[in-house]
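Going letter by letter, the sequence shown gives residues 15 to 400 in my numbering.
Ideal Cβ placement from N, Cα and C applies to all residues, glycine included.
Report on the structure given below.
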Amino acid sequence: MAEASTTSQPEERIPWTAMAGIIATVTVFAVAQGLTYPLLSLILERQGIPSGLIGLSAAMTPLGFIISAPFIPALSRGVGGARLAILCSILAALTLVAIAWTQQVWAWMPLRLLLGFFANPLYVISETWLITITPAPRRGRILGLYSSIVSAGFAVGPLSLGFAGTDGWPPFIIGVSAFLACGLIVLAVAPRLLEMPDEGEATSVGGFFALAPLLLLAVFTAAAFEQIQLSLFAVYGAALGSAERRTASLITCFVAGNAVLQIPLGRAAERFGATRTMIFCILVCLTGCLLLAVAFSTWLIWPLVFAWGGVSFGLYTMSLIQLGERFTGQTLIAGNAAFAFAWGIGGMAGSPVAGLAMQLSGHQGLPLSLGLLSCALGVFLLAEKR
15 MAEASTTSQP EERIPWTAMA GIIATVTVFA VAQGLTYPLL SLILERQGIP
65 SGLIGLSAAM TPLGFIISAP FIPALSRGVG GARLAILCSI LAALTLVAIA
115 WTQQVWAWMP LRLLLGFFAN PLYVISETWL ITITPAPRRG RILGLYSSIV
165 SAGFAVGPLS LGFAGTDGWP PFIIGVSAFL ACGLIVLAVA PRLLEMPDEG
215 EATSVGGFFA LAPLLLLAVF TAAAFEQIQL SLFAVYGAAL GSAERRTASL
265 ITCFVAGNAV LQIPLGRAAE RFGATRTMIF CILVCLTGCL LLAVAFSTWL
315 IWPLVFAWGG VSFGLYTMSL IQLGERFTGQ TLIAGNAAFA FAWGIGGMAG
365 SPVAGLAMQL SGHQGLPLSL GLLSCALGVF LLAEKR
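What follows is the structure in structure tokens.
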């Protein structure tokens, strides 16, 4: 394991332009991905495709993340980080053009898998760059800012459908343009970026699981928590007689908390440590699970879901901070790729398991499954700390 240096960089040496370019690249990419999920689901629903098949189609993108993750460390070493990011941006744009051209559910299955396959390296490379150039004393706030802006990008994607609609080529043109813009941004800032770190021994994604299993469990939990909330909270609200508009507004509030609270959580990590802040996030998640049924019909539900959105994604932010604190070089690249793998697994597994829990135990299966997930992470984290 390669231990990271904790030596701070002088203020004037902080590469702000490169940081801004990296964050802008991933944000634009997040806008494109945030647009494709609801756009393709709405098109399939309009075609009369069953909801189960729509869900299976959506699962192809995180499956692409999972499949691509083991190849990223070797590809980044062989091709180079900037060239790989630009290539993936172009291939993602071409894949979205093919999706727009076909408009057929079975053709979309492999194409959406390819979309995830090409998107994943860009996230891994960008996060590796950002961690590498971020000075240790500012790591919490900068990675918190990164998480907040990327979350906002995902939220902007669906909002853009209100302007472009879901018919014809206009919404797809927005997505294709965003993907191509990523490549242009990387091309513009590439001279200011370092080569991908290559010190230390090459580490595989599988090998990283043995180095930091709890970090990967935290990433899995964050992904599962987010997907369960986004996909099943409407079902929970309907079971309690909540109007669809109110439930949709609560989901928006959850996403807003996700975007807004990462910066203060990052500052808390700088002051109290990322591990302690992660434990705090877990405790708030558990508190929300216990209070959900009681608070749902009162005004308290609004700050509850806002906090839920922030602390559940905060698990990922804290994991990213700890990744930068503990690893460097090729191990850092493998760690970022392993994070993508764990996120894909959590995104695919979370909703079906929670849906089964709701089917067996009623609507309370939602907070029960979220609570058990958070509790398991908390127990393992405390055991390791001791």
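| Query | Result |
| --- | --- |
| Cβ pair GLY130, PHE79 closer than 8 Å | yes |
| Whole-Å CB distance - GLY361 paired with PRO76, under 8 Å assumed | 4 Å |
| Secondary structure of GLY251, DSSP reduced to three states | helix |
| Nearest candidate by alpha-carbon position, reference SER383, set GLN336, GLU240, PRO278 | GLU240 |
| Runs of alpha helix (DSSP H) wholly within the segment 232-297 (minimum 4 residues, chain order) | 258-274, 276-286 |
| Secondary structure of GLU17, DSSP reduced to three states | Any reading at GLU17 must be qualified, since the residue scores a pLDDT of 43, below 50, and its modelled position is unreliable; the value itself is stated next. If DSSP states are grouped into helix, strand and coil, GLU17 belongs with coil. |
| LEU337 to LEU53 span [Cα, whole Å] | 34 Å |
| Distance CB(GLY182)-CB(ILE293) smaller than 8 Å | no |
| Whole-angstrom distance between ILE68 and LEU58, CA atom to CA atom | 7 Å |
| contact_flag[the segment 262-282, the segment 154-169] where n(CB pairs < 8 Å) is 3 or more | yes |
| Alpha helix (DSSP H) segment containing LEU346, residue limits | 343-375 |
| Length of the line joining the Cα atoms of GLY189 and VAL42 | 9 Å |
| Complete alpha helix (DSSP H) runs within the segment 311-345 (minimum length 4 residues, chain order) | 315-340 |
| SER375 burial status per 10 Å Cβ neighbour count (16 or more: buried) | exposed |
| Close-in-space but distant-in-sequence residues of the same chain around TYR51 (CB under 6 Å, 5 per side omitted) | none |
| As assigned by DSSP and simplified to three states, the class of CYS389 | helix |
| Assigned secondary structure, ALA38 (DSSP; H/G/I helix, E/B strand, else coil) | helix |
| Proximity of CYS102 and PRO64 at Cβ, strictly below 8 Å | no |
| Cβ-Cβ distance between TYR137 and ALA354 below 8 Å | yes |
| Spatial distance of ASN70 from PHE132 (CA atoms) | In the sequence as presented, Asn is not what sits at residue 70; that position holds Leu. Taking the straight line joining both Cα atoms gives about 19 Å. |
| For ALA352 and ALA83, believed in contact at Cβ under 8 Å, the rounded distance | 7 Å |
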